[in-house]
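Q:
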Amino acid sequence: MKQVNILAGGPPEFYPDQLFKLKGEWIGVDRGNLRLLGADITPQLAVGDFDSMTATELNQLKKKVSRVLQVNPIKDETDTELALKQANTLLHADKIDLYGMTGGRLDHFLSNLLMFLKPDFKEVAPKVRLIDRQNIILFLLPGVHHLVNIGDYKYLSFVSLGNVTELTLPDEKYRLHKQTDLYPTAYVSNEFLNSTATVSFVSGMVAVIYSRD
Numbered sequence: 001m002k003q004v005n006i007l008a009g010g011p012p013e014f015y016p017d018q019l020f021k022l023k024g025e026w027i028g029v030d031r032g033n034l035r036l037l038g039a040d041i042t043p044q045l046a047v048g049d050f051d052s053m054t055a056t057e058l059n060q061l062k063k064k065v066s067r068v069l070q071v072n073p074i075k076d077e078t079d080t081e082l083a084l085k086q087a088n089t090l091l092h093a094d095k096i097d098l099y100g101m102t103g104g105r106l107d108h109f110l111s112n113l114l115m116f117l118k119p120d121f122k123e124v125a126p127k128v129r130l131i132d133r134q135n136i137i138l139f140l141l142p143g144v145h146h147l148v149n150i151g152d153y154k155y156l157s158f159v160s161l162g163n164v165t166e167l168t169l170p171d172e173k174y175r176l177h178k179q180t181d182l183y184p185t186a187y188v189s190n191e192f193l194n195s196t197a198t199v200s201f202v203s204g205m206v207a208v209i210y211s212r213d
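Read in order, the letters of the sequence shown are residues 1 to 213 in the working numbering.
Structure representation (structure tokens):
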């Protein structure tokens, strides 16, 4: 099971504890590369237009990282989308965790959340988690899923991303039965009752958010 971690340039105060001690290979996105190098981690790949770096910083990066994918700032895909594609196709990741994607600019966060609705990223979505100091976000495709209770994450929320049919939460604190939403809808602050919780739906995509105060 190959683990790939991707670090973008979001505010460090939103990083989870022990971020730089995690196992797996790393991809740095734009300024996230400098934070990896500052923690003595050399990314397998550096991706971005690097518009947030000075020329000196970029030259130092290119000396230390063997694979650098530098793209024009005027492009159709975001730096994160490019990094995610490389994690999937170049590094052949089985699991992909994204860090530095939340906090700071809301437009960047929404872009990172909604990109999984694009056809190019729908298949990779089940491999991905967005993680910060307080939250873990998963992306589910249709079917039956069993979520594991992670001790200190009290709250469990479900967000239908667009048209979702027959969303069912049979064994959570607040239950739902075959709910169909034609537009994005958030069912927030649910909770586990047991060590696992079940969620099922027939079509669409659902984001699951584990949260703690």
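For glycine and all other residues, C-beta sits at the position ideal for the given N, C-alpha and C.
1) F139 and P126 look like a contact to me (Cβ under 8 Å); what is the Cβ gap, rounded to whole Å?
2) Can you tell me the Cα-Cα spacing of L37 and Q60, whole angstroms?
3) Where DSSP assigns a beta bridge to V128, which residues make up the other side?
4) Taking S111 as part of the alpha helix (DSSP H), name the residues at either end of that continuous run.
5) Return the first residue and the last residue of the alpha helix (DSSP H) that E57 is part of.
6) When you compare only the Cα positions, how much space is there between L130 and E25?
7) Skipping 5 residues on each side, what residues in its chain have a beta carbon closer than 6 Å to that of F121?
8) Hey, would you say R215 sits closer than 8 Å to L45, going by beta carbons?
A: Considering the structure as presented:
1) Within the sequence shown, numbered from 1, the residue matching residue 139 stands at position 139. Within the sequence shown, numbered from 1, the residue matching residue 126 stands at position 126. Contact holds; Cβ gap of about 6 Å.
2) Position 37 of the sequence shown, counting from 1, holds the residue named residue 37. Position 60 of the sequence shown, counting from 1, holds the residue named residue 60. Going from the Cα of L37 to the Cα of Q60 covers about 10 Å.
3) As a first step, residue 128 is located in the sequence shown; it is residue number 128 there, counting from the start. Beta-bridge pairing links V128 to I96.
4) Residue numbering aside, residue 111 sits at position 111 when the sequence shown is read from its first letter. Element bounds for S111: 106-114.
5) Counting from 1 along the sequence shown, the entry for residue 57 is found at position 57. It spans 55-64 - the alpha helix (DSSP H) in which E57 sits, taken as one unbroken run.
6) One-based indexing of the sequence shown puts residue 130 at position 130. One-based indexing of the sequence shown puts residue 25 at position 25. Those two C-alpha atoms are separated by around 16 Å.
7) If you number the sequence shown from 1, residue 121 lands on position 121. Cβ within range, chain order: M115.
8) Because the chain in this structure spans residues 1 to 213, residue 215 falls outside the shown range and cannot be described.
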